[in-house]
């Protein structure tokens, strides 16, 4: 593109590169779900009840042979590593995924420790795959298609707030740069219209020009995608999916770049031809700038929150280091009888003091047994007597409801026994103990259990039930906690022996170290922090670009009045006061509203608004100062 502004080149390059990175991230995300092992992926949701496991394996293998397709059962890594998968082949050989993941392939054999109700990776012709699935449905199997598509994968990736923030910042920066470019070239386009050029001809020339700017960046993005797709160890399905996702993302980005550029160019040309200036341009740039300010404030708040979460996870990892080698289970769907067996295994370990429990998911309280967290003694104070009555810790925020909460805890314990149609071994009389806060306990518990945060308005201050005698809890409730990964076992060999003796090995998908889970959480929050920081940097650069564009438009719009003011003896800086003050007020309102929407305190909202107003005033003042140093403006006194 001839005489293109550097900001336009950078904005176009940023938009295309961000699109490529998001596409590769989407492909990687799908690979970590184990959905690129086969050309087609289906989830078996229902199996024939009357058939044994051996009969099910034989049925699937025979159907695969009849349809001439390769079929493998894809299951997560036993240690819970999201980058490692296992594939058990019924027929043929499963292909590796690559994209940073590893696949261990072996024959399914008798499927001794496998739950067949999982993901099947299928390779073969589309018609053959259809025949295979029809044969399974005819004998009572039910399957749901889980084959990933490029568009849903991209939308899933963009739904992540951090990734969406980066994409939004790049898009807003692109809009600002292209509006500024259209304004800069508006006079030329107006002359073309006056000389008889059609809008279609102008659109074609401008589209070709902006494509010439995008072409080098597009070549780099495509080359990077191909290198990753063709990297040794990447399977055929993963290669095809990566290239397809990248093609969709990059083509969409190019269409957006060309469309926005052509639209803004034609709008600027018509405005210049009819009115001599574009009234819409500063409105669009100002709105985009305000959105960027909101995005910048939200990103900064998120970075602080993520940093706090990372520090909390690191503290938990250090505090729970004694139990870092304990393991928790990850299970598939379980029946009530299996919950009872899991409860027996958990109860035996709790009674031997080789396990501890912290059940908080899907309840209004956390129920702790044993050394569930190192944070408990400081909050609990005097420990209850061994085998004593359960103690309910009620934070001050819920002090008014202490009696009701104690009754609810008693009722829930009783409900567990009622489900089993058994009576508890002794009457349960819960002791209520008020404490200033239970946040230290509940947050630490959720760190190692990776549980679901209770939907309570006072979170993380929720009731905590400390049960000294695990026999007060019904087996099905302990079994549910085991299945949720809320019971950590110190003696792994004993746990695995108990699972084999109970015939539960096929329901266990993962046996994960507690320390590993917390370390992965730390890695995840650090990655989010890096992404949010990148989004804040992109948004900040786009805000600077918006400021430069608005200052340039403001100077052009007020140039004539500035000369008149100079002739009557007024200082040139007078013309900028209203502009800077108005921008400061707008930014203060936007940044304050954004800070309020993300849950900042009143003092924080006021501080954010003031900081935003001061920052934008200094930024605009700096840009105006640079213009004041220009020799021509200094001579004309129009700065």
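Residue numbers (my numbering): 29 to 667.
Just so it is clear, CB atoms sit at the ideal spot from N, CA and C, and this is done for glycine as well.
> With 16 as the cutoff for other CB atoms within 10 Å, does residue 256 come out buried or exposed?
Replying inline: Within the chain shown, the letter at position 228 stands for residue 256. Looking at its Cβ environment, which holds 16 or more other Cβ atoms inside 10 Å, residue 256 is buried.
> Rounded to a whole number of angstroms, what is the C-alpha to C-alpha distance between residue 95 and residue 76?
Replying inline: The residue given as residue 95 occupies position 67 in the chain shown. The residue given as residue 76 occupies position 48 in the chain shown. Taking the straight line from one Cα to the other gives about 20 angstroms.
> At what residues does the beta strand (DSSP E) containing residue 151 begin and finish?
Replying inline: In the chain shown, counting from the first residue as 1, residue 151 sits at position 123. Taken as a continuous stretch (DSSP letters only), the beta strand (DSSP E) holding residue 151 covers 147-151.
> In chain order, what residues of the same chain lie with their CB nearer than 8 angstroms to the CB of residue 413, ignoring the 5 residues before and after it?
Replying inline: The count along the chain shown starts at 1 and reaches residue 413 at position 385. The residues are 496.
>> Which residue marks the beginning of the beta strand (DSSP E) containing residue 358, and which one marks its end?
In response: In the chain shown, counting from the first residue as 1, residue 358 sits at position 330. Taken as a continuous stretch (DSSP letters only), the beta strand (DSSP E) holding residue 358 covers 355-359.
> Apart from the five residues just before and just after residue 66, which ones in its own chain have a Cβ nearer than 6 angstroms to its Cβ?
Replying inline: Translated into the one-based positions of the chain shown, residue 66 becomes position 38. Closer than 6 angstroms at the Cβ level, and outside the excluded window around residue 66, lie 149, 150 and 151.
> Going straight from the alpha carbon of residue 580 to that of residue 562, what length do you get?
Replying inline: For the purposes of this step, residue 580 is identified with residue 552 of the chain shown, where counting begins at 1. For the purposes of this step, residue 562 is identified with residue 534 of the chain shown, where counting begins at 1. Each residue's Cα considered, the two are about 27 angstroms apart.
> What residue ranges within the segment 432-513 form continuous alpha helix (DSSP H) runs of no fewer than 4 residues, ordered along the chain?
Replying inline: 467-477 and 503-511
>> Quick check on residue 68: does DSSP put it in helix, strand or coil?
In response: Counted from its first residue, the chain shown places residue 68 at position 40. It is a strand residue.
> When the Cα atoms are used, what is the spatial distance from residue 290 to residue 650?
Replying inline: Within the chain shown, the letter at position 262 stands for residue 290. Within the chain shown, the letter at position 622 stands for residue 650. About 32 angstroms.
> Can you name, in chain order, every residue of its own chain whose Cβ lies under 7 angstroms from the Cβ of residue 444, other than the five neighbours on each side?
Replying inline: One-based indexing of the chain shown puts residue 444 at position 416. Contacts found: 501, 502, 504 and 505.
>> So, for residue 281: in the same chain, excluding its five sequence neighbours on each side, which residues have a beta-carbon less than 7 angstroms away from its beta-carbon?
In response: Sequence index remark: in the chain shown, residue 281 carries index 253 (1-based). Within the same chain, residue 281 has close Cβ partners 43, 44 and 47.
> What do you get for residue 269, buried or exposed, if any count of 16 or more other CB atoms within 10 angstroms of its CB means buried?
Replying inline: Here residue 269 refers to the residue found at position 241 when the chain shown is read from its first residue. Under this definition residue 269 is a buried residue.
>> Using a 10 Å radius around the Cβ and a threshold of 16 neighbouring Cβ atoms, would you call residue 629 buried or exposed?
In response: For the purposes of this step, residue 629 is taken as the residue at position 601 of the chain shown. Label assigned to residue 629: exposed.
>> Using 8 angstroms as the threshold, is the C-beta distance between residue 520 and residue 355 below it?
In response: Position 492 of the chain shown, counting from 1, holds the residue named residue 520. Position 327 of the chain shown, counting from 1, holds the residue named residue 355. A contact, by the Cβ cut-off of 8 angstroms.
> Cα-Cα, which of 64, 122, 165 and 236 is closest to residue 128?
Replying inline: Indexing the chain shown from 1 puts residue 128 at position 100. With distances taken between CA atoms, residue 128 lies nearest to 64 out of 64, 122, 165 and 236.
> Would the beta-carbon of residue 507 fall within 8 angstroms of that of residue 640?
Replying inline: In the chain shown, residue 507 corresponds to position 479, counting from 1. In the chain shown, residue 640 corresponds to position 612, counting from 1. Not a contact, by the Cβ cut-off of 8 angstroms.
> In whole angstroms, what is the alpha-carbon distance linking residue 220 and residue 235?
Replying inline: Here residue 220 corresponds to residue number 192 of the chain shown, with the count starting at 1. Here residue 235 corresponds to residue number 207 of the chain shown, with the count starting at 1. Cα to Cα, residue 220 sits roughly 16 angstroms from residue 235.
> Where does residue 421 sit, in a helix, a strand or coil, going by DSSP?
Replying inline: By 1-based counting over the chain shown, the position of residue 421 is 393. Of the three classes helix, strand and coil, the one that applies to residue 421 here is strand, per DSSP.
> Which of the three DSSP states, helix, strand or coil, is assigned to residue 395?
Replying inline: Locating residue 395 in the chain shown gives position 367, counting from the first residue. If DSSP states are grouped into helix, strand and coil, residue 395 belongs with the strands.
>> Would residue 484 and residue 358 be called neighbours here (beta carbons separated by less than 8 angstroms)?
In response: Within the chain shown, numbered from 1, the residue matching residue 484 stands at position 456. Within the chain shown, numbered from 1, the residue matching residue 358 stands at position 330. No, Cβ-Cβ distance for residue 484 and residue 358 is not below 8 angstroms.
> For residue 538, does the three-state DSSP call read helix, strand or coil?
Replying inline: What you label residue 538 is simply residue 510 of the chain shown in a count that begins at 1. In the three-state reduction of the DSSP assignment, residue 538 falls in the strand class.
> How big is the Cα-Cα spacing for residue 490 and residue 476?
Replying inline: Counting from one through the chain shown, the residue named residue 490 turns up at place 462. Counting from one through the chain shown, the residue named residue 476 turns up at place 448. Rounded to whole angstroms, residue 490 to residue 476 spans 18 angstroms at the Cα level.
> Tell me, which residues are paired with residue 225 by DSSP?
Replying inline: Translated into positions along the chain shown, residue 225 becomes position 197. DSSP output for residue 225 lists no bridge partner at all.
> With a cut-off of 8 angstroms, do at least 3 Cβ pairs link the segment 465-482 to the segment 361-380?
Replying inline: no
>> Considering only their Cβ atoms, is the gap separating residue 492 from residue 396 smaller than 8 angstroms?
In response: Sequence index remark: in the chain shown, residue 396 carries index 368 (1-based). Sequence index remark: in the chain shown, residue 492 carries index 464 (1-based). Against a cut-off of 8 angstroms, the Cβ pair of residue 492 and residue 396 comes out as a contact.
>> Give me, in chain order, the residues of the same chain whose beta-carbon lies closer than 7 angstroms to that of residue 381; leave out the 5 immediate sequence neighbours on both sides.
In response: On the chain shown, position 353 is the one that residue 381 refers to. 398, listed in sequence order.
>> Please state whether the Cβ-Cβ distance between residue 147 and residue 174 is less than 8 angstroms.
In response: Your numbering for residue 147 matches position 119 in the chain shown. Your numbering for residue 174 matches position 146 in the chain shown. For residue 147 and residue 174, yes; Cβs fall inside 8 angstroms.
>> Output needed for residue 645: all residues of its chain with C-beta closer than 6 angstroms, excluding positions within five of it in sequence on either side, in chain order.
In response: If you number the chain shown from 1, residue 645 lands on position 617. So the qualifying residues of the chain are 608 and 612.
>> Could you tell me the alpha carbon to alpha carbon distance between residue 455 and residue 393, rounded to whole angstroms?
In response: Position 427 of the chain shown holds residue 455. Position 365 of the chain shown holds residue 393. Approximately 21 angstroms between the Cα atoms of the pair.
>> Please report the distance separating the alpha-carbon of residue 53 from that of residue 318.
In response: The residue you call residue 53 lines up with position 25 of the chain shown. The residue you call residue 318 lines up with position 290 of the chain shown. Roughly 29 angstroms separates the two Cα atoms.
> Where does residue 122 fall in DSSP's three states?
Replying inline: On the chain shown, position 94 is the one that residue 122 refers to. Three-state result, residue 122: coil.
> Using a Cβ-Cβ distance under 8 angstroms, would residue 335 count as near chain D?
Replying inline: In the displayed structure, chain D is absent; only one protein chain is listed.
> Which first and last residues belong to the alpha helix (DSSP H) in which residue 189 is found?
Replying inline: Mapped onto the chain shown, residue 189 falls at position 161. From DSSP, the alpha helix (DSSP H) with residue 189 extends over 189-212.
> Closest by CA to residue 614, which one among 386, 314 and 156?
Replying inline: Numbered from 1 along the chain shown, position 586 holds the residue referred to as residue 614. It is 314.
> DSSP three-state call for residue 523: helix, strand or coil?
Replying inline: Position 495 of the chain shown holds residue 523. Helix.
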